[in-house]
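Peer 1: Supplied in structure tokens, the structure appears directly below.
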Amino acid sequence: MKMETCKMKMLNFLAKKGEVNKAETPLDLKEAFYEFARGGNHMKKDQLLRFMVEHQGENIRTIEDLDKIVEKFSQVGSSSSSPKTCPTRIVDLYNKQGLSLNDFIDFLLLHDFNGPLKDEVHHDMNAPLSHYFIYTGHNSYLTGNQLTSESSDEPIIEALKQGVRVIELDLWPSKSPTKDGIKVVHGRTFTTPVAVTKCLKSIKEYAFYKSDYPVILTLEDHLTTKHQDKFAEMATQIFGEMLYFPHHTNQMTEFPSPESLKKRIIISTKPPKEYIHSDNISKPVPNGSELSKEESRGKELSDSLAKLKIEGRNASDEDHEDTNTRDNKPNQLGARQYKHMITILGGKAKGSMMERLKEDTKVRRLSLSEKKLKSASETYGAELIRFTQKNILRVFPKGERVKSSNFRPYLGWLYGAQMVAFNMQGHGKSLRLMQGMFRANGGCGYVKKPKFLIQTPPHEEVFDPKRKMPVKEILKVKVYKGDGWSSDFSATHFDRFSPPDFYTKVCIFGVAADSYKMRTSVKMDTWYPVWDEEFEFSLRVPELALLQIEVKDKDKGKDDFAGQTCLPVSELRHGFRSVPLHDRKGKKHKSVKLLMRFKFETSNKL
Numbered sequence: 002m003k004m005e006t007c008k009m010k011m012l013n014f015l016a017k018k019g020e021v022n023k024a025e026t027p028l029d030l031k032e033a034f035y036e037f038a039r040g041g042n043h044m045k046k047d048q049l050l051r052f053m054v055e056h057q058g059e060n061i062r063t064i065e066d067l068d069k070i071v072e073k074f075s076q077v078g079s080s081s082s083s084p085k086t087c088p089t090r091i092v093d094l095y096n097k098q099g100l101s102l103n104d105f106i107d108f109l110l111l112h113d114f115n116g117p118l119k120d121e122v123h124h125d126m127n128a129p130l131s132h133y134f135i136y137t138g139h140n141s142y143l144t145g146n147q148l149t150s151e152s153s154d155e156p157i158i159e160a161l162k163q164g165v166r167v168i169e170l171d172l173w174p175s176k177s178p179t180k181d182g183i184k185v186v187h188g189r190t191f192t193t194p195v196a197v198t199k200c201l202k203s204i205k206e207y208a209f210y211k212s213d214y215p216v217i218l219t220l221e222d223h224l225t226t227k228h229q230d231k232f233a234e235m236a237t238q239i240f241g242e243m244l245y246f247p248h249h250t251n252q253m254t255e256f257p258s259p260e261s262l263k264k265r266i267i268i269s270t271k272p273p274k275e276y277i278h279s280d281n282i283s284k285p286v287p288n289g290s291e292l293s294k295e296e297s298r299g300k301e302l303s304d305s306l307a308k309l310k311i312e313g314r315n316a317s318d319e320d321h322e323d324t325n326t327r328d329n330k331p332n333q334l335g336a337r338q339y340k341h342m343i344t345i346l347g348g349k350a351k352g353s354m355m356e357r358l359k360e361d362t363k364v365r366r367l368s369l370s371e372k373k374l375k376s377a378s379e380t381y382g383a384e385l386i387r388f389t390q391k392n393i394l395r396v397f398p399k400g401e402r403v404k405s406s407n408f409r410p411y412l413g414w415l416y417g418a419q420m421v422a423f424n425m426q427g428h429g430k431s432l433r434l435m436q437g438m439f440r441a442n443g444g445c446g447y448v449k450k451p452k453f454l455i456q457t458p459p460h461e462e463v464f465d466p467k468r469k470m471p472v473k474e475i476l477k478v479k480v481y482k483g484d485g486w487s488s489d490f491s492a493t494h495f496d497r498f499s500p501p502d503f504y505t506k507v508c509i510f511g512v513a514a515d516s517y518k519m520r521t522s523v524k525m526d527t528w529y530p531v532w533d534e535e536f537e538f539s540l541r542v543p544e545l546a547l548l549q550i551e552v553k554d555k556d557k558g559k560d561d562f563a564g565q566t567c568l569p570v571s572e573l574r575h576g577f578r579s580v581p582l583h584d585r586k587g588k589k590h591k592s593v594k595l596l597m598r599f600k601f602e603t604s605n606k607l
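This note's numbering applies: residue 2 is where the sequence shown begins, and numbers increase by one.
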């Protein structure tokens, strides 16, 4: 009986395989084609130009301009195309008889040409660093969990390739007989170390692989003064002219701009404690120096576990005044040399939250755990935003996140936090939001904050994300069809005996009032789903909203993941757009994409 059932399913699968492409073309696409083709069966060059300008909003003036763009994509080739959407084939048709309806739809599916976002930097990059959200990593050297994983330069390389601009290194004196004398490791855990020179050399090689804008090294410094001097020497030798030495850091009243720091590596850490050596001063006790192997193993684990139980505390992340360890005989010259490398000074984390956020003439960086930020936002929301208008706020995961999970980044963004530090190996929904935010501005790793977070006009209240706000904009999202799964996945990847049953989830993340979750119907037994369904979202703060899209295959048990992406709403290009989908970790699929339409209505039209 089971054999007969299997045979029937297989016959059903084979029968349906030939029907996958028979879905009706969405009416919107037909109407647009025949409108701009003037009722003809082929869209000529001049008609396609008019479509690109009037419908898609592209800034193309002449057919010659369009020819150059089309030729460019034919030479580069599409990074996400199936045989039928091959750029070369489309270009040949474009240059000869024009595009038929089906060719026109294939053309729209070329995301290199009709992608949802601009692929170049277009924000003003001449403002101070404090005016930008910055793509930030946490414990960037760890390959896995926070307690027992290996330290390596590989996660650093991968982060830089993805456009991350802030790399964190925990620096400790090393007792191994290597010439470095400094190791990078998550202190007081069972994580294995990696040589600091290996990390610095990899940073130099890959710093500007994805973006020319500055890489910021946040250093969690547990070094003696002698080792600080050694680090300064190594960093200077390895980075050379890439390393930025600021002028008069102690008097800095405004951070430099990303534009002025292009192709530069800058340092952010606490200033070393400088004091005059005196026989009357007792020897300082090292705070965070290495334990001997005889003392270590059990105590390191118990210390780490104890640390994780302390609410919101991660001792290596907080900016404390006196956490630098020092030689018994301080080297004041070495401290000055190390200090002169620091562009972004870590501030004191002592005192009440109000005192930490107190305005000063000098700019600085403050680090808070996600828990401390959440607590502060409930009482000091306005003060947080005022602080981040001029200074830099770094938010890091709570210590309990041993498995390298992440928190919702909006916790920081809504209050202007520039450095929301994430575990880049902690793949999940939170990291997808982070990846979505930094697809903005050409993926350069710096996103200009909205004006209401940068400055508060006279006689106006500071932005409050909890305040009830009017609808500013309506976003209409239409999901037409999907393509590419049959190219990127095996025939039995989703279902053993039938084509997939796809549906699309469309969600908005932002302020609480802008949160939505919607989904299309399920399209049964097809590799080429056509939904033709529209969703409408009323947005109060579109500047901070993210559009998350996820496709799944409907199953009796848990639905199968089939692709996802996340896009900044404020950057969406209107019109018909090809939206490439990514795997769970954020790597773009070769062929899988959705054909969608984005349309905005401002509050004046509501």
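A virtual CB, placed ideally from N, CA and C, is assigned to each residue, including glycine.
Quick caveat: nothing in here was measured; it's all calculated off a predicted structure.
#1: Starting from K506, trace the beta strand (DSSP E) in both directions and tell me its first and last residue.
#2: Counting C-beta neighbours from all protein chains within 10 Å, is the total for V590 16 or more, i.e. buried, or is it exposed?
#3: Please work out which residues of its chain come closer than 7 Å, Cβ to Cβ, to H583, disregarding the five sequence neighbours upstream and downstream, and give them in chain order.
#4: At which residue ranges does the region 478 to 552 contain complete beta strand (DSSP E) runs of 3 or more residues, listed in the order of the chain?
#5: Quick check on this structure: which residue in V448, L596, S579 has the alpha carbon closest to the alpha carbon of S258?
#6: On a CA-only basis, which of L374, L412, Q426, S370 is nearest K399? Give me that one, please.
#7: DSSP three-state call for V396: helix, strand or coil?
#8: Could you pull out every unbroken beta strand (DSSP E) segment of at least 3 residues lying fully inside the region 397 to 472, listed in chain order?
#9: If you reduce the DSSP assignment to three classes, tell me which class R257 lands in.
#10: In chain order, what residues of the same chain have a beta carbon less than 7 Å from the beta carbon of V185, not counting five sequence neighbours either side?
#11: Would you tell me roughly how many angstroms separate the C-alpha atoms of F232 and Y339, rounded to the nearest one?
#12: With DSSP as the reference, identify every bridge partner of S571, one or two as the case may be.
#13: For E169, which three-state DSSP category applies?
#14: Cα separation between Y1 and F498?
#15: Since D554 and D502 should fall inside the 8 Å C-beta cutoff, what is the C-beta to C-beta distance between them, to a whole number of angstroms?
#16: I need the straight-line Cα distance from R578 to G483, nearest angstrom please.
#17: Can you tell me whether E301 is helix, strand or coil according to DSSP?
#18: Give me the DSSP bridge partner(s) of V185.
#19: Please return the same chain residues whose Cβ sits closer than 6 Å to the Cβ of H124, not counting the five positions on each side in sequence.
#20: For G354, I'd like the list of residues in its chain whose CB is within less than 6 Å of its CB, leaving aside the five on either flank, ordered along the chain.
#21: Can you tell me where the alpha helix (DSSP H) with R1 in it begins and where it stops?
#22: With distances taken between CB atoms, is the gap from G417 to L434 smaller than 8 Å?
#23: Using C-beta distances below 7 Å, list every residue in its chain close to V54, excluding the 5 sequence neighbours before and after it, in chain order.
#24: Using only CA atoms, which one of E159, P451, Y529 lies nearest to Q211?
#25: Return the CA-CA distance between R440 and V542, expressed in angstroms with no decimal places.
#26: Please tell me whether L596 and L110 are closer than 8 Å, where the distance is taken between their beta carbons.
#27: Mind reading off the beta-carbon distance from P117 to L476? Whole number of angstroms is fine, and I expect it under 8 Å.
#28: Helix, strand or coil for E159, going by three-state DSSP, please let me know.
#29: State the DSSP-derived secondary structure class of H583, mapped to helix, strand or coil.
#30: Can you grab the Cα-Cα spacing for the pair K46 / E36, in whole Å?
#31: In whole angstroms, what separates the C-alpha of Q238 from that of K202?
#32: Would you call the CB atoms of F397 and A422 closer than 8 Å?
#33: In this structure, how does DSSP classify G41 when only helix, strand and coil are distinguished?
#34: From K452 to S491, what distance separates their C-alpha atoms?
#35: Just reading off the beta strand (DSSP E) that R366 is part of, what are its end residues?
#36: Suppose you measure from the CA of N329 to the CA of L224; what does that come to, to the nearest Å?
Peer 2: Looking at the atomic coordinates:
#1: 503 to 510
#2: Sequence check: residue 590 is His here, not Val. Classification of H590: buried, given that the 10 Å Cβ count is 16 or more.
#3: G564, Q565, T566, K589, H590
#4: 503 to 510, 517 to 520, 531 to 540
#5: V448
#6: S370
#7: strand
#8: 420 to 423, 447 to 449
#9: Reading the sequence as shown, one finds Pro at residue 257 and not Arg. Here P257 sits in coil by DSSP.
#10: Y142, S152, L170, D171, L172, P194, V195, V197, C200
#11: 8 Å
#12: DSSP, once it has assigned bridges, lists no residue as partnering S571.
#13: strand
#14: This structure cannot speak to residue 1, because the chain is shown only from 2 to 607.
#15: 6 Å
#16: 12 Å
#17: With a pLDDT of 40 at E301, under the threshold of 50, the predicted position of this residue should be treated as unreliable, though the coordinate-derived value follows. Reduced to three states, the DSSP call for E301 is helix.
#18: L172, V195
#19: N442, K449
#20: Residue identity check: residue 354 is Met in the sequence provided, not Gly. For M354, where only same-chain residues beyond five positions count, the Cβ hits under 6 Å are A377, Y381.
#21: Any question about residue 1 goes unanswered here, given that the chain covers just 2 to 607.
#22: no
#23: I61
#24: Checking the sequence, you will find Lys at residue 211 rather than Gln. Nearest option by C-alpha distance: E159.
#25: 19 Å
#26: yes
#27: About 12 Å; that fails the 8 Å criterion.
#28: helix
#29: strand
#30: 14 Å
#31: 10 Å
#32: yes
#33: coil
#34: 48 Å
#35: 366 to 370
#36: Residue confidence for N329 is low, a pLDDT of 37 falling below 50, so the modelled location carries little weight; the figure read from the coordinates is stated next. Roughly 12 Å separates the two Cα atoms.
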